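Working notes, structure below.
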Amino acid sequence: VRQFMGLATYYRRFVQGFSKLATPLTDLLKKGRKWRWMEKQQQAFELLKQKLTSQPVLALPDYGKPFEVQTDASDYAIGGVLMQEGHPVAFESRKLNDRERNYPVHEKEMTAIVHCLRSWRHYLLGAPFVVKTDNISSTYFKTQAKLTPKQARWQEFLAEFDFEITYNPGKKNVVADALSRKAQLAAVTESPASMHSESRVLLAEAMVEQIKEGLTQDPQAAELVKQVRENRTRKFSIRDGLLVFTQGRIYIPKWGKLRRELLHECHDSVWAGHPGQKRTLALIERGFYWPKMREDADEYVRSCLICQQDKPVYKAPAGTLQPLPIPIRPWVSVSLDFITQLPESDGKTSIMVVVDRFSKYATFIPCAAPCRAEDAA
């Protein structure tokens, strides 16, 4: 059983609800559990074999189309499916631990949502999508006023994504009509809050001639174009006169203000909303590439005036000024300063002022500028 589960777990992302199906078998592997092979174990074994030997129907992700996440939770497992236009892209599931099994229903559903979004973060970050759940209370989680520390951590994580939680009754959560699902996804892309894909396309079309011209002006870009034409690199290709990196991302040459304009579009524009450094970088990486993108994005966000003025500073406040202790006798403590840029006299252009803090007696010593520490001593 342990060997079979090791093999099956390797292909778990191709099996919908894997953890739920495998629970009767994994329960046998728990420490101290008495071995009893019952009918439910045999059924789970046969069903997993059937799932593993059948042809997978996962579709390749298309980053030009919106994603849909469907999640569900039971008493002992959570799972979800990532979809595009009714076609599954990935499956995800896991068992609930002993502590999570005591969660109320709505927290189990939120555990499923958080787990799926964390697993598919590389697909979903920077793009609008819909989360469908059969628990109606989960649809109000993003606007919930009072949060436990655990829920606050969830909400902080979910704030990285651009998504909407919608209610999907349980009877529709497994077998949904593909046409109605497609219509709902199309409606999401047309909403004002979901402008990323359209903005990216318009931005690329408006700048395409500048990018092509920049490829001839940037020495590094010109060298990459030469390597592509001589078949000396597989990371880049040329499409429609543009230099394209992996996953279809357009190479932006270091020429003019191309890179800064893209940073402005992905950070300062209305649809971007001044995100942090990680999200700004993720928005750019979805369609574009250039060397040291992370450093450029970090520097741009740190220098953003609006972010500096409006975003909170997560550090301890500076303390109040503390008075110096009062000396108990003369010349125990002195203050020292310089008066500089005076008319030259005997080769001296500065005065070192020494004040005894107890008696306030002042001594004025002419000195040259600059005055070294050894000379002042």
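Sequential numbering of the sequence shown, starting at 1046, is according to the working numbering. Where is the CB? At the ideal position from N, CA and C, for every residue including glycine. These figures come from a predicted structure and were not determined experimentally.
- Task: Would you kindly check if the distance between the Cβ of V1270 and the Cβ of L1260 is under 8 Å?
- Result: Here residue 1260 corresponds to residue number 215 of the sequence shown, with the count starting at 1. Here residue 1270 corresponds to residue number 225 of the sequence shown, with the count starting at 1. A contact, by the Cβ cut-off of 8 Å.
- Task: Return the first residue and the last residue of the alpha helix (DSSP H) that P1194 is part of.
- Result: For the purposes of this step, residue 1194 is taken as residue 149 along the sequence shown, with counting starting at 1. It spans P1194 to L1203 - the alpha helix (DSSP H) in which P1194 sits, taken as one unbroken run.
- Query: Can we say the region 1068 to 1085 touches the region 1100 to 1115, given the rule of at least three CB pairs closer than 8 Å?
  - Reply: No contact exists between the region 1068 to 1085 and the region 1100 to 1115.
- Message: Please confirm whether L1203 has its beta-carbon closer than 8 Å to some beta-carbon of chain C.
- Response: Of the protein chains in this structure there is only one, and it is not chain C.
- Message: On the DSSP bridge list, what partners appear for F1333?
- Response: By one-based count along the sequence shown, residue 1333 stands at place 288. According to DSSP, F1333 bridges with I1295.
- According to DSSP, is K1410 helix, strand or coil? Within the sequence shown, residue 1410 is the residue found at index 365, counting from 1. It should be pointed out that residue 1410 corresponds to Ile in this sequence rather than to Lys. It is a strand residue.
- Any beta strand (DSSP E) of 3 or more consecutive residues that is wholly inside the region 1057 to 1128: Taken in chain order, the complete beta strand (DSSP E) segments of 3 residues or longer contained in the region 1057 to 1128 are 1112 to 1118.
- Query: Between the region 1306 to 1324 and the region 1337 to 1352, do at least 3 Cβ pairs fall closer than 8 Å?
  - Reply: Short answer: they touch.
- According to DSSP, is R1047 helix, strand or coil? Locating residue 1047 in the sequence shown gives position 2, counting from the first residue. In the structure shown, R1047 sits in a helix (DSSP, three-state: H, G or I).
- Task: Express the C-alpha separation of E1145 and W1300 in angstroms, rounding to a whole number.
- Result: Taking the first residue of the sequence shown as position 1, residue 1300 is located at position 255. Taking the first residue of the sequence shown as position 1, residue 1145 is located at position 100. Taking the straight line joining both Cα atoms gives about 53 Å.
- Secondary structure at S991, three-state DSSP: helix, strand or coil? Summary: the structure shown does not reach residue 991, with the chain confined to residues 1046 through 1422, and so no result is reported for it.
- Query: Do T1394 and I1413 come within 8 Å of each other at the CB atom, strictly closer than that value?
  - Reply: Reading the sequence shown from its first residue, position 368 is the one you call residue 1413. Reading the sequence shown from its first residue, position 349 is the one you call residue 1394. The residue you asked about is not Ile; residue 1413 is Ala in the sequence shown. Against a cut-off of 8 Å, the Cβ pair of T1394 and A1413 comes out as a contact.
- Cα-Cα separation between L1141 and C1352, rounded to whole angstroms: Residue numbering aside, residue 1141 sits at position 96 when the sequence shown is read from its first letter. Residue numbering aside, residue 1352 sits at position 307 when the sequence shown is read from its first letter. C-alpha separation (whole angstroms): 40 Å.
- Extent of the continuous beta strand (DSSP E) run through H1132: The residue you call residue 1132 lines up with position 87 of the sequence shown. Its beta strand (DSSP E) spans residues H1132 to K1140.
- Query: Which word fits D1117, buried or exposed, when buried means at least 16 other C-beta atoms lie within 10 angstroms of its C-beta?
  - Reply: Residue mapping note: residue 1117 aligns to position 72 of the sequence shown, counting from 1. So D1117 ends up on the buried side.
- Find the nearest neighbour of L1328 within the set K1079, T1291 and L1169, judged by alpha-carbon distance. Translated into positions along the sequence shown, residue 1328 becomes position 283. Here the closest residue by C-alpha is L1169.
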